[in-house]
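**Q**
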Amino acid sequence: MLIKTTTHSSCKEHQITDEKVYFERRDMLKKMGFFGAGALLSGTAGASVFDIFSDDQPTAIFKQNALKYSPAGDYNGTLTPEAKVVSHNNFYEFGAQKHQPAELSQGFKVNPWQLKISGEVENPLTLDHDDLYSSFDLEERIYRLRCVEAWSMVVPWIGFSLADLVKKAKPTSKAKYLAFETLHDPQQMPGQRSRRLGGGIDYPYLEGLRIDEAMNPLALMSVGLYGKTLPPQNGAPIRLVVPWKYGFKSIKSVVGIKFVEKQPPTTWNILAANEYGFYANVNPAVDHPRWSQASERRITTGGIFAQNRIATLPFNGYGEEVAGLYSGMNLRKYY
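Residue numbering for the sequence shown is 1 to 335, as defined by the working numbering.
1) Buried or exposed: which applies to residue 175, given that a residue is buried once 16 or more other Cβ atoms fall within 10 Å of its Cβ?
2) May I ask you to list the residues that DSSP assigns as paired with residue 114?
3) Taking only the alpha-carbon atoms, compute the straight-line gap between residue 208 and residue 219 and give it to the nearest angstrom.
4) According to DSSP, simplified to helix, strand and coil, what is residue 66?
5) When you compare the segment 114-130 with the segment 166-181, are there three or more beta-carbon pairs, one atom per stretch, that lie closer than 8 Å?
6) Where does residue 92 sit, in a helix, a strand or coil, going by DSSP?
7) In the DSSP output, what is residue 99 paired with across the bridge?
8) Kindly indicate which three-state DSSP category residue 109 falls into: helix, strand or coil?
9) Starting from the Cα of residue 282, find the closest Cα among 211, 240, 246, 273 and give me that residue.
10) Only counting the same chain, and skipping five residues up and downstream in sequence, which positions put a Cβ closer than 6 Å to that of residue 295?
11) Check each candidate in 142, 148, 316 and name the one with the smallest Cα separation from residue 289.
12) For residue 244 and residue 317, I'd like the C-alpha separation in whole angstroms.
13) What first and last residue would you give for the beta strand (DSSP E) that runs through residue 172?
14) Rounded to whole angstroms, how far is the Cβ of residue 234 from the Cβ of residue 240, which I believe are closer than 8 Å?
15) At what residues does the beta strand (DSSP E) containing residue 158 begin and finish?
16) For the candidate residues 65, 69, 61, 93, whose alpha-carbon lies nearest to that of residue 252?
17) Any idea what DSSP makes of residue 85, helix, strand or coil?
18) If we ignore side chains and look at the alpha-carbon of each, how far apart do residue 203 and residue 270 end up?
19) Kindly indicate which residue of 70, 335, 100 has the alpha-carbon position closest to the one of residue 141.
20) Give me whichever residues DSSP pairs with residue 291 in a beta bridge.
21) Just the Cα atoms here: how many angstroms apart are residue 325 and residue 335?
22) Starting from residue 145 and walking both ways along the beta strand (DSSP E), at which residues does that stretch end?
23) Quickly, what does DSSP pair residue 260 with across the bridge? List them, please.
24) Starting from residue 209, trace the beta strand (DSSP E) both ways and give me its first and last residue.
25) Which one of 266, 159, 275, 259 has the shortest CA to CA distance from residue 177?
26) I need the boundaries of the beta strand (DSSP E) containing residue 220, first residue and last residue.
27) Considering only the beta carbon of each residue, do residue 195 and residue 186 sit closer than 7 Å?
28) So what does residue 240 bridge to, in DSSP terms?
29) Mind checking who residue 182 pairs with in its DSSP beta bridge?
30) Identify whether residue 270 lies in helix, strand or coil by the three-state DSSP scheme.
31) Spatial neighbours of residue 228 within its chain, please: C-beta separation below 7 Å, excluding the five flanking residues on both sides.
32) Checking 7 Å against the spacing of the C-beta atoms, do residue 223 and residue 127 come in under that value?
33) Please report the Cβ distance between residue 221 and residue 145, rounded to the nearest whole angstrom; I am assuming they are in contact, meaning their Cβ atoms lie under 8 Å.
34) Between residue 265 and the rest of its own chain, which residues show a CB-CB distance below 7 Å, the 5 nearest in sequence each way excluded?
35) So for residue 323, helix, strand or coil by DSSP?
36) Please report the residue range of the beta strand (DSSP E) in which residue 311 lies.
Here it is as structure tokens:
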């Protein structure tokens, strides 16, 4: 039986961005040409993007399936609208502008799929598409998602604890880190075959966690949101969600997890080490080199020039659960 307990850091449903609103900015975003983690592309924080909306909603052709899972419980609140969560994305493999992933990924094939677990483990694993939904108990986790661009959402993810996967792989004493890798398939992912469209990134996309971070109960391997399987623009069929870190740590469409002894290279740190640290812990006291991280724009119900600006919390509000992982570390350096 899955039993969910809540803490003061748990998200409420009233904090979740409403589904309808998320689709509502495509035309205006397209006209304005905003870019994602965008800092490297636009030179300004992308927060203002969320102030302007249109009434047009893209029609998804990607088929999603209902998932069986344990719901998070009865919350007195509002989620970020699903329409926002599935139409405003940073997934450079399908384009660096926010609207492009939803538009350019709808033919993406997620089955067959293989997620390979390798490296310093006693039990290497290969999980196929169906294994992702049947090998572990699925549950709903309502988490805040904070982008380094200073916007945020509250999303009801569905998935399983990364710790369960780690335990199943049985890491050896040499395993200190997990190195994640996104699918590399330029034929399906136009951003991988065009440096302009793909934001100048060298693919495949790489990410990493320390093994004790991966073992924290909050770290989630997500296979769905809003009661359904993930759409491709959100990282189908499986992605990482680490709610106390900036969103660029949440690698999407994962095909490899390798247990390694040394800190692995990560894509944004390779591209701009002075702007994107390995740890990526949300720290409002440490500004991005080009904008403040002290506050964020929470995407809720939208509206013309809506502000919705709130103060950013250390560790994105999950300090009670994760601060101990970084005891004694300089959190101005390892942000």
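All C-beta atoms in this analysis are idealised placements derived from N, C-alpha and C, irrespective of residue type, glycine included.
**A** The answer reads as follows:
1) Numbered from 1 along the sequence shown, position 175 holds the residue referred to as residue 175. When all chains shown are included, residue 175 counts as buried.
2) As a working note, residue 114 is residue 114 in the sequence shown. Per DSSP, 128.
3) Numbered from its first residue, the sequence shown carries residue 208 at position 208. Numbered from its first residue, the sequence shown carries residue 219 at position 219. Going from the Cα of residue 208 to the Cα of residue 219 covers about 12 Å.
4) What you label residue 66 is simply residue 66 of the sequence shown in a count that begins at 1. Residue 66 falls in the strand class under three-state DSSP.
5) yes
6) Reading the sequence shown from its first residue, position 92 is the one you call residue 92. Here residue 92 sits in helix by DSSP.
7) Counting from one through the sequence shown, the residue named residue 99 turns up at place 99. Note: residue 99 sits in no beta bridge, so no partner.
8) For the purposes of this step, residue 109 is taken as residue 109 along the sequence shown, with counting starting at 1. Reduced to three states, the DSSP call for residue 109 is coil.
9) Here residue 282 is taken as the residue at index 282 of the sequence shown, counted from 1. Residue 282 has its Cα closest to that of 246, out of 211, 240, 246, 273.
10) Here residue 295 is taken as the residue at index 295 of the sequence shown, counted from 1. The residues are 309, 311, 312.
11) The residue given as residue 289 occupies position 289 in the sequence shown. Ranking 142, 148, 316 by Cα distance to residue 289 puts 148 first.
12) Position 244 of the sequence shown, counted from the start, is the residue given in the question as residue 244. Position 317 of the sequence shown, counted from the start, is the residue given in the question as residue 317. Rounded to whole angstroms, residue 244 to residue 317 spans 7 Å at the Cα level.
13) Here residue 172 corresponds to residue number 172 of the sequence shown, with the count starting at 1. Neither: residue 172 is in no beta strand (DSSP E) and is coded neither H nor E.
14) Looking up residue 234 in the sequence shown gives position 234. Looking up residue 240 in the sequence shown gives position 240. 12 Å between Cβ atoms; not a contact.
15) Along the sequence shown, read from residue 1 onward, the residue named residue 158 stands at position 158. Run containing residue 158: 151-161, per the beta strand (DSSP E) assignment.
16) Residue 252 sits at position 252 when you count from the first residue of the sequence shown. For the set 65, 69, 61, 93, the Cα lying nearest the Cα of residue 252 is the one of 93.
17) Taking the first residue of the sequence shown as 1, we reach residue 85 at position 85. Of the three classes helix, strand and coil, the one that applies to residue 85 here is helix, per DSSP.
18) Here residue 203 refers to the residue found at position 203 when the sequence shown is read from its first residue. Here residue 270 refers to the residue found at position 270 when the sequence shown is read from its first residue. Going from the Cα of residue 203 to the Cα of residue 270 covers about 11 Å.
19) Here residue 141 refers to the residue found at position 141 when the sequence shown is read from its first residue. Of 70, 335, 100, the residue nearest in Cα terms is 70.
20) Working through the sequence shown from its first residue, we reach residue 291 at position 291. Answer is 288, bridged to residue 291.
21) Mapped onto the sequence shown, residue 325 falls at position 325. Mapped onto the sequence shown, residue 335 falls at position 335. So the two alpha carbons sit approximately 13 Å from each other.
22) For the purposes of this step, residue 145 is taken as the residue at position 145 of the sequence shown. 139-146 is the extent of the beta strand (DSSP E) around residue 145.
23) The sequence position of residue 260 within the sequence shown is 260, counting from 1. DSSP output for residue 260 lists 177 as bridge partner(s).
24) Residue 209 sits at position 209 when you count from the first residue of the sequence shown. Segment 206-210, the beta strand (DSSP E) holding residue 209.
25) By 1-based counting over the sequence shown, the position of residue 177 is 177. Looking at the Cα atoms, 259 is the closest of the given residues.
26) Taking the sequence shown and counting its residues from 1, the one referred to as residue 220 is at position 220. Unbroken beta strand (DSSP E) run through residue 220: 220-225.
27) Against the sequence shown, residue 195 aligns to sequence position 195. Against the sequence shown, residue 186 aligns to sequence position 186. No, Cβ-Cβ distance for residue 195 and residue 186 is not below 7 Å.
28) Counting from 1 along the sequence shown, the entry for residue 240 is found at position 240. Its beta-bridge partners are 221.
29) The sequence position of residue 182 within the sequence shown is 182, counting from 1. DSSP lists 254 as partners of residue 182.
30) Reading the sequence shown from its first residue, position 270 is the one you call residue 270. Here residue 270 sits in helix by DSSP.
31) Within the sequence shown, the letter at position 228 stands for residue 228. Excluding sequence neighbours, residue 228 sits near 64, 65, 66, 67.
32) One-based indexing of the sequence shown puts residue 223 at position 223. One-based indexing of the sequence shown puts residue 127 at position 127. Against a cut-off of 7 Å, the Cβ pair of residue 127 and residue 223 comes out as no contact.
33) On the sequence shown, residue 221 is found 221 positions in, with the first residue counted as 1. On the sequence shown, residue 145 is found 145 positions in, with the first residue counted as 1. Not really, about 15 Å apart at Cβ, beyond 8 Å.
34) Locating residue 265 in the sequence shown gives position 265, counting from the first residue. If we look at residue 265 and ignore the five residues flanking it on each side, its Cβ neighbours are 206.
35) Within the sequence shown, numbered from 1, the residue matching residue 323 stands at position 323. The answer is helix: DSSP assigns residue 323 an H, G or I state.
36) To locate residue 311, count along the sequence shown from 1; it is residue 311. Per DSSP, residue 311 belongs to the beta strand (DSSP E) from 309-311.
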